[in-house]
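Student: In the working numbering, the protein residues as written are 26 to 290.
Every residue, glycine too, gets a C-beta built ideally from N, C-alpha and C.
Owing to the predicted nature of the structure, the values given are computational and were not obtained by experimental measurement.
Can you read through this structure? Questions will come right after.
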Ligand SMILES: [Zn+2]
């Protein structure tokens with residue numbers, strides 16, 4: 026759990042779980058290029074990623090962006106929330122950057138089969154909803170975490186430019202999934218951006234053309250990465266990224282023509 030501030034908006038980073046992947050699986054096209062990044066890998070050769078959610082306190086509202094991988098994976102999101110001084114029933118809105126299972130895992134209380142965030146309005150990316158509901162067999166996590174919200178009439182479909190509150194607006198950032206949304210923060214002249222999975226690691230910031238296995242449309246994802254990295258560099262926005270190592274706060278900066286991720290000190 027760690028806090029940052031953008032104008033009058035407080036952002037709290039909440040850790041759920043860690044996962045590590047073989048970099049050859051994450052970026053199959055990178056080949057020997059990955060050798061330049063040996064120092065970013067774990068001792069066992071994996072690229073490490075944390076699974077992070079972000080709590081926003083903005084305009085009198087308490088908004089949770091993403092709900093992690095969930096209890097079956099030993100996730101600690103609820104402990105992190107408690108440490109941040111927030112009870113699940115205090116969340117006004119839950120918004121998903123996208124509907125992969127590592128972003129929806131804590132939606133439902135396994136004991137009661139009711140939404141864990143009991144008062145929340147759940148904001149679901151339209152493009153991902155359409156994609157899942159058009160499948161013969163939706164993802165298991167969708168069936169477990171999202172479909173019940175619809176049956177209970179607790180969710181709302183949202184797209185680009187949706188105003189969660191005066192300081193918080195969605196931005197369609199497709200490619201990782203068709204409906205992927207980021208959340209732009211604008212308050213008191215300052216900018217922030219809850220990125221979701223537009224980049225997964227610091228390496229993606231420096232190699233935006235390396236396609237990731239995890240992106241559903243690699244061409245669209247590449248175009249989105251370039252456009253969003255350009256925007257975030259120009260704005261100097263404070264970023265919260267879902268899979269960088271905790272707390273996942275940083276900015277896009279450029280030195281001697283080279284762009285990179287600068288973690289928040
Ligand atoms: Zn993810």
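With distances taken from CA atoms, which of 268, 132 and 148 is nearest residue 118?
Tutor: Among 268, 132 and 148, the Cα nearest to that of residue 118 is on 148.
Student: Mind checking if residue 44 is an interface residue toward chain C, Cβ cutoff 8 Å exclusive?
Tutor: Among the chains in the structure shown there is no chain C, since it carries only a single protein chain.
Student: Return yes when the C-beta of residue 268 is under 7 Å from any heavy atom of ligand 1, and no when it is not.
Tutor: Checking the Cβ of residue 268 against ligand 1 gives yes.
Student: From the DSSP output, read off the bridge partner residues of residue 251.
Tutor: None, per the DSSP bridge assignment.
Student: What is the rounded straight-line gap between the Cα of residue 179 and the Cα of residue 111?
Tutor: Taking the straight line joining both Cα atoms gives about 21 Å.
Student: Do you know offhand how far residue 155's Cα is from residue 281's?
Tutor: Computed Cα separation, rounded: 43 Å.
Student: Using a threshold of 7 Å, is the CB atom of residue 128 nearer than that to any non-hydrogen atom of ligand 1?
Tutor: Indeed, a heavy atom of ligand 1 lies less than 7 Å from the Cβ.
Student: By a C-beta neighbour count over all protein chains shown, 10 Å radius and 16 as the cutoff for buried, is residue 28 buried or exposed?
Tutor: Answer is exposed; the Cβ neighbour count stays below 16.
Student: Let me know if residue 227 comes out buried or exposed under the rule of 16 or more other beta-carbons within 10 Å of its beta-carbon.
Tutor: Buried, by the Cβ-count rule.
Student: Applying the criterion that 16 or more other CB atoms from any shown protein chain within 10 Å of the CB defines a buried residue, is residue 138 buried or exposed?
Tutor: Looking at its Cβ environment, which holds fewer than 16 other Cβ atoms inside 10 Å, residue 138 is exposed.
Student: Report yes if the CB atom of residue 126 is closer than 8 Å to the CB atom of residue 89, and no otherwise.
Tutor: Contact: no.
Student: Helix, strand or coil: how does DSSP classify residue 235 here?
Tutor: Residue state, collapsed to three classes: coil.
Student: Provide the residue(s) that pair with residue 87 in DSSP beta bridges, ordered along the chain.
Tutor: DSSP output for residue 87 lists 82 as bridge partner(s).
Student: Per DSSP, which residues does residue 230 bridge with? Please list them.
Tutor: Beta-bridge pairing links residue 230 to no other residue.
Student: From residue 106 to residue 39, what distance separates their C-alpha atoms?
Tutor: Computed Cα separation, rounded: 7 Å.
Student: Measure the C-alpha to C-alpha separation of residue 205 and residue 43 and round it to an integer number of angstroms.
Tutor: Their backbone Cα atoms lie some 22 Å apart in a straight line.
Student: So, at 6 Å on beta carbons, what are the nonlocal neighbours of residue 203 in its own chain, with the 5 sequence-adjacent residues on each side left out?
Tutor: Correct list, in chain order: 152 and 156.
Student: Where does residue 167 fall in DSSP's three states?
Tutor: Residue state, collapsed to three classes: helix.
Student: Quick one: residues in its chain with C-beta nearer than 6 Å to the C-beta of residue 275, no 5 flanking neighbours on either side, listed in chain order?
Tutor: Only 264, 286, 287, 288 and 289 meet the Cβ criterion.
Student: Which one of 114, 196 and 132 has the shortest CA to CA distance from residue 220?
Tutor: Looking at the Cα atoms, 196 is the closest of the given residues.
Student: Is it buried or exposed for residue 212, if we count other Cβ within 10 angstroms and need 16 for buried?
Tutor: That one is buried.
Student: Considering only residues of the same chain and omitting the five flanking positions on each side of residue 78, which have a CB-CB separation below 7 Å?
Tutor: Excluding positions up to five away in sequence, the list reads 39, 41, 89, 90, 91, 92, 93 and 102.
Student: Mind checking who residue 133 pairs with in its DSSP beta bridge?
Tutor: 140.
Student: For residue 63, name the three-state secondary structure that DSSP assigns.
Tutor: It is helical.
Student: Report the three-state DSSP secondary structure of residue 199 (helix, strand or coil).
Tutor: In the structure shown, residue 199 sits in coil (DSSP, three-state: anything other than H, G, I, E or B).
Student: Distance, Cα to Cα, residue 63 vs residue 70?
Tutor: Using only the alpha carbons, I get a separation of about 8 Å.
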